Amino acid sequence: MAKTIKFTLDGRVIEAREGETVLQAATRLGLLIPHYCWHPALGNPGNCRMCNVEVEGAPKALVSCRLYPKEGMVARSAAPAPRRWQSAALEFHLVDHPLDCPVCDQSGECGLQDYYMNSIGRYRSSMRDNKWHMGKRMVLGPHIMLDQERCIMCTRCTRFVDLISKSHELGIFGRGHSQVIDLVPGRVLDNPYSGCVADVCPVGALTDRDFRFQVRVWYLDWTDSICPGCSRGCNISAHTSTRRPWQNKGLRLARVKPRYKPEVNGHWICDEGRYGFLNYDSDRLGKVMRLKPSAEELSWEAAAAEVSSALRRKPAEGLAVMASGRLSNEDWQAFQKLFLEKLNVRRFLFAPEPDQVGAEDELLRRRDKAPNLEGGKAVGFGTRIASMSWDSLAADIEAGKVWGLYAVDRDPVKVWDQRGHELLERLDLLVYQGPRKGLTGELAHYRLPATDWLEEKGHFTNFQGLVQPYRQALKPLGAAKPDWAIFEGLAARL
Ligand code: SF4
Ligand code: SF4
Ligand code: FES
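See the structure below:
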């Protein structure tokens, strides 16, 4: 059994695990000791002096992020003396701060506001001189903006680029009162994880350019979700804006933030996942449509009747089905029941599209940009059943071996380009199902609107075999339904 050390903090006996500091033990138990510079993944330089505590027998204040408890030790964080020290440290951080909370994007989730407004702050300021002015609105890279006046020099951002992204774009320049964070000369903050510096910055010094002035944080709703950007399956929080639809340019997804999951993504997410889905609402489908031979909006019942009879019109060996690695585990189950058990389809394509294979690295990013091909394997796709290649399916259509294609959230026109139009025009039946129209959605005989991942709940299985739930954050658009419900509606008629 791991060794523990019992000590008292603010009158409460707590047990620290071996190797834990006083601050770590208190934070793990949900007890507040104010802090800025310590971050569980970035170490404890001990420079912000916010975490000062009083220890019985010690002659002076001690920073709890560097204090290892001793058996029987008595420490106080909320007593008058440590509160005075913490308040003095906070006043020191705010000496040159511009106090521009009304126009600061961090407002509402800022460490300075939070500590000032609770029992640590609300001091009478002793600042009588003019404030020191530093750089404002400094563009550091494609995603991040720096306001040097708001910086409290906690060094979390420089530690992130040194220890985690190892890209070293940021440094500390100057001495004493004129010390600032800035770009290393000739560098741009443009690494695959650059957005994480805004997460670790405890104040409004580093902010997201995308999010700047779009919506106040207190109007956002937070929902636990999983990033669909690659097979890592990073745990995220989707921040959606629906209460004031005129904000955030009318888009419902306002930002994506990492959610701590030690065995998958720790504290981080990559920029592809963070910024790659902010166009969530573009090109969306909400109507159930027959487009050919005559265009008409259908009810789900009418569409299920027409599509299910069209799928049975000719032998199943001439029917091809494209599946998406973005299907949830629930979708994959219903998919295999419809196409394997009911229709006995033999031609499946679930190989990635060329742009679903990308960069990978040792930190998080995976080469495979589909979140849930593992979920397909669990029901046989990629184990018992092999995927056709894009070329072999094109050749089969060209040779007249395929009369019908059911494309689930795949865009063959994008992959096959001009040839795609010619190939798809040859088919007797093209059903397109997905959340976005894409290029293929224009050519389909039937177009069925599906929800995207934020509009449904489900599970993805990541590359480690971990089954992870995601929750519903938004209402479906129009008549859109989860893929599994569309598959079940068709299967019920076959
Ligand atoms: S910019 Fe933010 S994270 Fe970086 S040192 Fe300043 S306060 Fe800390
Ligand atoms: S590593 Fe993959 S799952 Fe994680 S945030 Fe990036 S794209 Fe999303
Ligand atoms: S958290 Fe301890 S000095 Fe900053």
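The sequence shown lines up with residues 0 to 493 when you count with numbering that gives the first Met the number 0.
Ideal placement from N, C-alpha and C gives every residue a C-beta, glycine not left out.
From a predicted model like this one, the values you see are computed outputs, not experimental measurements.
Uninterrupted alpha helix (DSSP H) stretches at least 4 residues long and entirely within the segment 400-461 occur at 411-415 and 417-424, given in chain order. Judged by DSSP secondary structure, K256 falls within the beta strand (DSSP E) whose first and last residues are L252 to P257. Two segments are said to touch when three or more pairs of C-beta atoms, one from each, lie closer than 8 Å; by this definition the segment 124-133 touches the segment 79-94. Secondary structure at L22: helix, using DSSP grouped into helix, strand and coil.
In this structure, the C-beta of W389 stays at least 7 Å away from each heavy atom of ligand 3. Judged by their CB atoms, I163 and W267 are nearer to each other than the 8 Å cut-off.
Burial check for K2: the Cβ neighbour count within 10 Å stays below 16, so the residue is exposed. I171 is classed as exposed because its beta carbon has fewer than 16 other beta carbons within 10 Å across all chains shown.
The continuous beta strand (DSSP E) containing P468 extends over residues V466 to Y469. At least one heavy atom of ligand 1 sits closer than 7 Å to the Cβ of A204. For I268, the three-state secondary structure derived from DSSP is coil. A distance below 8 Å separates the beta carbons of V344 and V320. For S308, the enclosing alpha helix (DSSP H) starts and ends at W299 to L310. In this structure, DSSP gives M144 an extended state, which the three-state scheme calls strand. Take K286, set aside five residues on each side of it, and the residues of its chain with a beta-carbon closer than 7 Å to its own are E296, P448, G477 and A478, in chain order. Burial is judged here by how many other beta carbons sit within 10 angstroms of a residue's own beta carbon; Y114 has at least 16 and is buried.
Contact between the segment 138-154 and the segment 241-253 is absent, with fewer than three C-beta pairs closer than 8 Å. By the criterion of a C-beta distance shorter than 6 Å, Q335 is surrounded in its chain by V378, once the five residues flanking it on both sides are discounted.
Taking R409 as the centre and dropping the five residues before and after it, the same chain places the C-beta of M321, A322, S323, L348, E352, G433 and T439 closer than 8 Å to its C-beta, in chain order. In its chain, beyond the 5 residues on either side, T20 have a beta carbon closer than 7 Å to the beta carbon of Y67. According to the DSSP assignment, M116 belongs to the alpha helix (DSSP H) that extends over G110 to M116. In chain order, R155 and C156 place their CB closer than 7 Å to the CB of C200, counting only its own chain and leaving out the 5 sequence neighbours on each side. For R211, the shortest C-beta to heavy atom distance toward ligand 1 is 7 Å or greater. Under the rule that a run must span 3 or more residues, the beta strand (DSSP E) segments found entirely inside the segment 148-187 read 169-172 and 179-182. Secondary structure at I485: helix, using DSSP grouped into helix, strand and coil.
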